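Structure record follows, encoded as structure tokens.
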Amino acid sequence: MTQGQIMTNGSRRSVFTPKPMEQGRHLAYKQAMEGEYVFGVDRGNSPPLETYNQATAELQGIIQACVREGKLLRAHGSLWSLSTVAVTAGRLIDNTALRLSFEVPADLAEPAYAGETAKLRFIECGNSVAALNDHLFSNGLSIKGCGSNNGQTIAGAISTGTHGGAYKFGAMQEMVVGLHLVTAPGRHVYLERKSAPVMKAAFAESIGADFIRDDTLFNAALVSLGAFGIMHGILIETRELFLLNAARFRRPYDDTLKHAIAICDPTLIPLPAEASGFPRDKPYHFEIFFNPNEGTPPDEAIVHIMYESSYDPDHYSPPVWNASEAGLGASGLDVMGTLVGKIPSPLNKLAVPFLNSQVNQEFAPYFKQAIIRDLFRGEKTLGKTLACGIGMPVAKAVEAMEIAFGAYRDANIVLPLVLSHRFVKGTQALLGFTRFPVTAVMEMDAVNTPETRAYFNEVWKRLDAAGIPFTLHWGKYNAFLTPERVRNRYGDAAVDQWLASRKTLLDDAAVQQVFTNDFMKAAGLAG
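So for the sequence shown, the working numbering puts the first residue at 45; every next one is plus one.
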């Protein structure tokens, strides 16, 4: 295929449908819009690579139409975000049917590549985490880390910096080693880091893309918020299947637990007798939940720890899981979703015992052994929920949580609310919000009400006043962001490099305008 080829009407997979409004999965926003391009499912009428390249050309045709007609454009996946980062007032592309997955031919890998070619996979943007998990499982492989559930598309999760809780690995974008971006009607690029070559130029030629190796461009494009064109293909490094020994239990919120939080060391926390057989030499996941309706601070926390061990297919059975409840890897948002409809509204102090009993039920202790595919799955969120992820240096985590407790106590209200910390290794992505060497992500998860939004804003203000450096998850509630605060959090150098990289990859001003939305403008990232 030659660059710039535009699909004819007879071979299109996408259909444009007028649509006046888009609403995210969690009902956190409403976005007025013109309509949506929806791709049909691949019927296997052509070889997979040819089908992939045809989709690239069709995406170029969509960009060309939007440039010609002066329309804004954004590609979206499963609309998991609680912010408007993935939507626009113009046209959207529903990419969820673009779900091819490819093994990488060994002869196309760069001899200098430091990893195992057999563990590389080239993934089309619309694959969900669940679909990728199933694909890899059938090949005896696993992703290295994921968020608390499996409904996001890979491109959406990467573009917004979905962090998960693999504190020695990092956020989801850390598994990415190559990006295929559709950047103009007549241009698309395959991008890698110059410092970490993976594929030969012949790989880029096979998909008709310009071949670019550049660390700054790659680190900018990783968490690009949908602003660098359309992320069509993603080259990821996988790993062998491995077992996670997961324990969720209550323990006193005491000096021992606070010290473990402050230095991100779950091995300091004794495991209950039920987990006495768990190996403890490879800690993987560390998470602490608090129910502020039990006290500010509460006497106890809910601890969620996972240790890694070898996977034995002959002796493995997936854990029993109730599909009507939040999954075993549930986040606070999952729990809030299960509570919507169960609790009275408006809430008052008389309802607190019932609310606490429901939270305790959803956070019941468990001790399970499972692979990632069977642990991080199954959010069942219903109704209006709201979540915020606040990244900060791990040494500030305890202080920040005390500030959140104080803000809740002073508000003198009752909210269905769960506070938590997850811990993630820092990222190289220029605008990855997990930017601290070890990032503590303070999560605030609740129902979406004016009182909740006021509480979230008060916590941000108090963290700011206390001088705690923090970032906000791009795909969650982040109304505190302003151009000045974005630059203050990430530094002028990182923001300027991100903006310059966008102009380098989208080298046509008209295309830059097509991929500019109100979210970017509000954050000072439309320059």
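Built from N, CA and C at the ideal position, the CB exists for glycine as well.
A quick note: this is a predicted structure, and the numbers were derived from the prediction, not measured.
Residue i - containing beta strand (DSSP E), residue span
i, result
"Leu261", "Leu261 -> not in any beta strand (DSSP E); alpha helix (DSSP H) instead, spanning 259-266."
"Phe272", "Where Phe272 is concerned, there is no enclosing beta strand (DSSP E), given that its DSSP letter is neither H nor E."
"Phe146", "145-147"
"Met436", "429-437"
"Ser192", "That residue, Ser192, is in no beta strand (DSSP E); it is neither H nor E in DSSP."
"His232", "231-236"
"Leu242", "It should be noted that the sequence gives Val, not Leu, for residue 242. Segment: none, Val242 is in no beta strand (DSSP E) and carries neither H nor E."
"Phe334", "327-334"
"Ile305", "That residue, Ile305, is in no beta strand (DSSP E); its alpha helix (DSSP H) goes 299-307."
"Gly79", "79-83"
"Val59", "58-62"
Which listed residue (the options) has its alpha carbon closest to that of residue i
i, options, result
"Asn138", "Ala414, Leu176, Val82, Ala175", "The identity of residue 138 in the sequence shown is Asp, whereas the question assumes Asn. Taking only the C-alpha atoms, the option nearest Asp138 is Val82."
"Ala553", "Ala228, Ala162, Gly222", "Ala228"
"Val59", "Ala76, Gly84, Tyr73", "Gly84"
"Gly435", "Asn492, Ile187, Asn400, Met488", "Met488"
"Met219", "Asn183, Asp299, Leu164", "Leu164"
"Gly589", "Ala199, Phe181, Thr206, Thr197", "Missing from the structure shown is residue 589; the chain here goes from 45 to 571 and no further."
"Val129", "Leu549, Phe262, His517, Asp343", "His517"
"Phe524", "Leu419, Leu507, Asp540, Asn501", "Asn501"
"Ala199", "Phe272, Lys393, Gly184, Lys469", "Phe272"
"Arg231", "Arg56, Leu377, Ala253, Ile106", "Ala253"
"Thr282", "Val221, Glu352, Gln557", "Val221"
"Asn404", "Thr100, Thr311, Gly170, Val379", "Val379"
"Ala215", "Glu495, Leu549, Leu285, Lys469", "Lys469"
"Val131", "Ala141, Thr140, Leu116", "Leu116"
"Glu338", "Leu463, Asp299, Glu495", "Leu463"
"Glu331", "Leu269, Val485, Glu94, Thr382", "Val485"
"His276", "Glu352, Asn335, Tyr96", "Tyr96"
Buried or exposed (CB count within 10 angstroms, at least 16 for buried), residue i
i, result
"Asn561", "buried"
"Asn89", "exposed"
"Leu569", "buried"
"Pro341", "buried"
"Phe477", "buried"
"Pro460", "buried"
"Thr483", "buried"
"Tyr328", "buried"
"Glu113", "exposed"
"His359", "exposed"
"Gln67", "exposed"
"Arg417", "buried"
"Lys520", "buried"
"Ala421", "Reading off the sequence shown, one finds Arg at residue 421, where the question assumed Ala. Flag for Arg421 reads buried."
"Ser361", "exposed"
First through last residue of the alpha helix (DSSP H) which encompasses residue i
i, result
"Asn97", "92-113"
"Ala175", "173-181"
"Ile447", "441-455"
"Lys163", "Looking at the DSSP string, Lys163 is not in any alpha helix (DSSP H), and its letter there is neither H nor E."
"His348", "Careful: His348 lies outside any alpha helix (DSSP H), inside the beta strand (DSSP E) at 344-354."
"Phe563", "562-567"
"Gly200", "198-203"
"Asp358", "Careful: Asp358 lies outside any alpha helix (DSSP H) and carries neither H nor E."
"Arg417", "416-419"
Beta-carbon proximity list for residue i, same chain, < 6 Å, skipping 5 on both sides
i, result
"Glu78", "Gly134, Arg135"
"Trp542", "Ala264, Leu474, Leu475"
"Pro241", "Glu154, Ala156"
"Val530", "Ala567, Gly568"
"Val442", "Lys302, Ile305, Ala306"
"Asp258", "Lys238"
"Thr46", "Per-residue confidence for Thr46 stands at a pLDDT of 28, beneath the threshold of 50, marking its modelled position as unreliable; the derived number appears in the next sentence. So no residue of the chain qualifies."
8 Å Cβ shell around residue i - same chain, five flanking residues per side excluded
i, result
"Ile256", "Val233, Tyr234, Leu235, Glu236"
"Thr52", "Here Thr52 scores only 34 on pLDDT, less than 50, and its place in the model should not be relied on; the value that follows carries that caveat. Excluding positions up to five away in sequence, the list is empty."
Same chain, Cβ closer than 7 Å to residue i, neighbours up to 5 away in sequence not counted
i, result
"Ala439", "Ala306"
"Arg56", "Glu102"
"Asn171", "Arg143, Ser145, Thr197, Ile198"
"Ala150", "Thr161"
"Ile50", "Per-residue confidence for Ile50 stands at a pLDDT of 34, beneath the threshold of 50, marking its modelled position as unreliable; the derived number appears in the next sentence. So the qualifying residues of the chain are Ala101, Gln104, Gly105, Gln108."
"Phe293", "Pro316, Val347, Pro409"
Contact with chain B by residue i, beta-carbon distance below 9 Å
i, result
"Gly214", "Of the protein chains in this structure there is only one, and it is not chain B."
* Asked: Which ranges would you report for the alpha helix (DSSP H) in the region 378-414 if only whole runs of at least 4 residues count?
  -> 396-406
* Asked: Quick one: complete beta strand (DSSP E) runs, 3+ long, within the region 460-542?
  -> The qualifying runs are 461-469, 482-491.
* To do: Quick one: which unbroken beta strand (DSSP E) runs of 3-plus residues sit fully inside the region 114-141? Chain order, please.
  => 117-120, 135-138
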